[in-house]
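Below, the structure is given as structure tokens:
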């Protein structure tokens, strides 16, 4: 890809990073870009913590016997892994970092609709994280991230209320982010930026925001009831005193299933941006991809019972939940087909973000298809609560979402920091992540099918070989995550200055300097062209 | 690349000092704020909706226990509270109207009335909770829950306990929202007294009004569900 | 910003709300069997719509706001219908129990 020469910005050029100095200018900022950076640091810490628990899990599972830790301790490992990863990393990840940073710029606005609420959402996140950390430090929680009752309400001897409070609080952070995005996208678009010209990243985050706003309050009240039951020793979800554990599961999964779409939709938005840029081609089927984001958000609310097929729920409910689960796969498939069609006859280059995008498409497809196995009522009876489920959701959440997050982070790193990362190391890490990931989680499909149950610290000896492979893969995967941490931080000081648009991408964010100024645009742009208006055979030109 | 022959991002000539820098004009700011409050109220609908849903499930499961618990509810309190909140909604709507028209004194008067009715609601609620406390119908605290007597069939003890828990949680969360609402009204009143509001800028009043009306709506549903059903007497 | 509603309108709505409150109170004293719940909830829904439409200015709001208000109640309905659907359909199979 050829780039026209341009004056690289020096760090003395006024931008949002050097506009003001000092801790107060960061902790009391209302600049959406600074808040995005605050989130970036915070969720990276929680990701690392979740990763530590993952390593502990995989270490125990090297041997069939439960010999590293007791079963109670093991229960705490997978609980804390789940809680930190789901609520404190995946749910905020792309929206709070890339979404916060990019959405105003992509629509031609100077900030989000409610900048102070944006800052408040970060403080609320930190408060929730502190409660979760307190639960960990005081001794942990062992209920599973799903807090099933009556174990969580009556029988567990761990710090359930502390953890539930942490998740409850973090939920409000998510709600406020979603609220901000919805109002921003509706009310703050620049002249000419019609809905049909919005970057698909914005559509994806908008659909995500709808889910955040409509679903999170239900898990909030559910966890509040769990906490109240535990505190006052009453029996809302305890069958011994007239309560119903299945009611808890209905209420919990009403949020937690759409939550997985909160986790994946922004990643899909990132992929749309990356693939168009590195195929030098407009997206195939823009309205289908935009519409499918909304479709996933809406249908995603109708399928939660597929987590409850074997709990004692009515068979008829199982039927309609299973049917709707088949339906929700359709919009995701539409996206995969459209991305593939976008690349067809495109001029493809293999920069680091594109490698992550390729990884996403393959791994998300596998993850999504295996979801259909699980959504089939009959098969789920055999596969539920086995390692098949674990492999499925790690394929979509790690192979999908984390890979997309890393791809997006690399794609927009030059814009966020004004620096380029070392491309060679970027490609190497992307390949390492892909290899490590598959080695970790593919064996788990087989293990699950063969019958290894989840959430046990011991297993039958014949499963050891596959478990050792999985642990080995996890180590490789871990290294694949650590290396970008190192070179991205390194690039802050030693990276090449990036320039406005190092990849020659379309999009309003690339028209600004790197890093952008505090108010993004000196003059609000008037948008006259469609999204992804890459001309055929164009020379890539920069900004 | 977007064709950026662009407009200067200036503000219109009738700039209010309250116009925040990222908005083009007061109209956009007002629209965004009210829309934002509606999105927040959506989350409240789902929050209370979750609780209402759980309550509905238990009520469907235990209809006789529910009928028994309704013997201990006092619909007169509930009706009084409903009437009080409806009046407060009227005064709130009138307050917002006054703010829109720049009628400063009327705005402050209506805000004060709204708060008086809000406090009245909480006082009546307090009397009601006290009555439950004395009657030993508060399952949250040992020593204040007893399910005995002619109107309390013993086989429903556990179920009645669950239903009473929901009564306290639902009315309790509602009362909490009322308290927050009173705090908001206090702030709005203080801002009004400082002359902050005018026909071009009364957004906080409008937005607070939306919140207040919503809390009223929650009570409009709580009243029949918790108090009215089960209290029938044959007319003939 | 939306047009100003006259005071008269607000007072009339308030009167209707208060009358409906008394109505629902007295109707509840009559045993209508299953209808009691339906009547009480119907009155509540009617009162809610009055508050939303007039006091909360949705009558003069743009279609977007109306859509979001509708969506909120629709989503709550999804939670209710699908959850209660499970409970009520459990008895359709032999041996199935409501609870």
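Residue numbers (the numbering used here), protein chains in the order written: chain Y, 21 to 563; chain W, 1117 to 1352; chain E, 5 to 103.
A virtual CB, placed ideally from N, CA and C, is assigned to each residue, including glycine.
Beta-carbon neighbours of residue i, restricted to chain Y and to distances below 7 Å
i: residue 1236/W; result: In chain order: nothing, as chain Y lies at least about 27 Å away.
Chain-ordered neighbours of residue i on chain E, where CB pairs are closer than 7 Å
i: residue 1209/W; result: 14 and 59
i: residue 234/Y; result: 79
Those residues which DSSP pairs with residue i across a bridge
i: residue 473/Y; result: 406/Y
i: residue 65/Y; result: Note: residue 65/Y sits in no beta bridge, so no partner.
i: residue 1314/W; result: 1317/W
i: residue 439/Y; result: 517/Y
Spatially closest choice to residue i from the options, by CA coordinates
i: residue 103/Y; options: 128/Y, 125/Y and 69/Y; result: 69/Y
i: residue 1338/W; options: 1133/W, 1149/W, 1310/W and 1189/W; result: 1189/W
i: residue 1325/W; options: 1145/W, 1251/W and 1150/W; result: 1150/W
i: residue 375/Y; options: 339/Y, 445/Y and 361/Y; result: 445/Y
i: residue 405/Y; options: 326/Y, 349/Y and 358/Y; result: 326/Y
i: residue 13/E; options: 59/E, 68/E and 35/E; result: 59/E
i: residue 1194/W; options: 1223/W, 1236/W and 1227/W; result: 1236/W
i: residue 322/Y; options: 78/E, 32/E and 98/E; result: 78/E
i: residue 1136/W; options: 136/Y, 264/Y, 67/Y and 447/Y; result: 136/Y
i: residue 484/Y; options: 499/Y, 497/Y, 498/Y and 468/Y; result: 468/Y
i: residue 470/Y; options: 499/Y, 403/Y, 328/Y and 203/Y; result: 403/Y
i: residue 387/Y; options: 367/Y, 462/Y, 401/Y and 520/Y; result: 462/Y
i: residue 1146/W; options: 1327/W, 1322/W and 1162/W; result: 1322/W
i: residue 584/Y; options: 1319/W, 1286/W, 1304/W and 1299/W; result: With chain Y represented from 21 up to 563, any question about residue 584/Y goes unanswered, as that position is not in the structure.
i: residue 324/Y; options: 312/Y, 306/Y and 345/Y; result: 345/Y
i: residue 414/Y; options: 438/Y, 370/Y and 490/Y; result: 490/Y
i: residue 28/E; options: 43/E, 35/E and 38/E; result: 43/E
i: residue 88/E; options: 270/Y, 356/Y and 372/Y; result: 270/Y
i: residue 373/Y; options: 96/Y, 440/Y and 72/Y; result: 440/Y
Residue j beta carbon less than 8 Å from that of residue i
i: residue 62/Y; j: residue 143/Y; result: no
i: residue 278/Y; j: residue 194/Y; result: no
i: residue 1209/W; j: residue 1227/W; result: no
i: residue 283/Y; j: residue 60/Y; result: no
i: residue 517/Y; j: residue 53/Y; result: no
i: residue 1231/W; j: residue 1301/W; result: yes
i: residue 57/E; j: residue 1202/W; result: no
i: residue 149/Y; j: residue 190/Y; result: yes
i: residue 310/Y; j: residue 223/Y; result: yes
i: residue 1277/W; j: residue 1261/W; result: yes
i: residue 1223/W; j: residue 1313/W; result: yes
i: residue 84/Y; j: residue 481/Y; result: yes
i: residue 1169/W; j: residue 237/Y; result: no
i: residue 1148/W; j: residue 133/Y; result: yes
i: residue 1197/W; j: residue 1240/W; result: yes
i: residue 391/Y; j: residue 349/Y; result: yes
i: residue 62/E; j: residue 51/E; result: no
i: residue 139/Y; j: residue 202/Y; result: no
Chain-ordered neighbours of residue i on chain W, where CB pairs are closer than 7 Å
i: residue 51/E; result: 1336
i: residue 202/Y; result: 1155
i: residue 9/E; result: 1213
i: residue 96/E; result: Going along chain W, no residue has its Cβ under 7 Å from residue 96/E, so there is no contact; the nearest lies around 15 Å.
i: residue 206/Y; result: 1151
i: residue 28/E; result: 1340 and 1344
Contacts of residue i in chain E (Cβ-Cβ under 8 Å)
i: residue 325/Y; result: 86 and 90
i: residue 1269/W; result: Per Cβ cutoff of 8 Å: no residues; residue 1269/W is ~18 Å from chain E at best.
i: residue 321/Y; result: 79 and 82
i: residue 1151/W; result: 68, 69 and 72
i: residue 238/Y; result: 83
Chain-ordered chain E contacts of residue i [CB-CB under 9 Å]
i: residue 1185/W; result: Here the premise fails: no neighbours, minimum Cβ distance about 15 Å.
i: residue 274/Y; result: 82, 83, 86 and 87
i: residue 1169/W; result: 80, 83, 84, 87 and 88
i: residue 1141/W; result: What residue 1141/W touches in chain E: nothing, since even the nearest Cβ is about 11 Å away.
Residue i: contacting residues in chain Y (beta-carbon distance under 9 Å)
i: residue 100/E; result: 334 and 335
Under 8 Å by beta carbon: chain Y residues contacting residue i
i: residue 1090/W; result: With chain W running from 1117 to 1352 in the structure shown, residue 1090/W is simply not present.
i: residue 1144/W; result: 207 and 208
Enumerated in chain order, which unbroken segments of the beta strand (DSSP E) with a length of 3 residues or greater are wholly contained in the region 19-97 of chain E?
none
Length at least 4, wholly inside the region 353-434 of chain Y: the alpha helix (DSSP H) runs in chain order
372-395, 397-403 and 407-414
Could you pull out every unbroken beta strand (DSSP E) segment of at least 3 residues lying fully inside the region 1245-1321 of chain W, listed in chain order?
none
What alpha helix (DSSP H) runs, 4 residues minimum, are completely inside the region 202-279 of chain Y?
220-252
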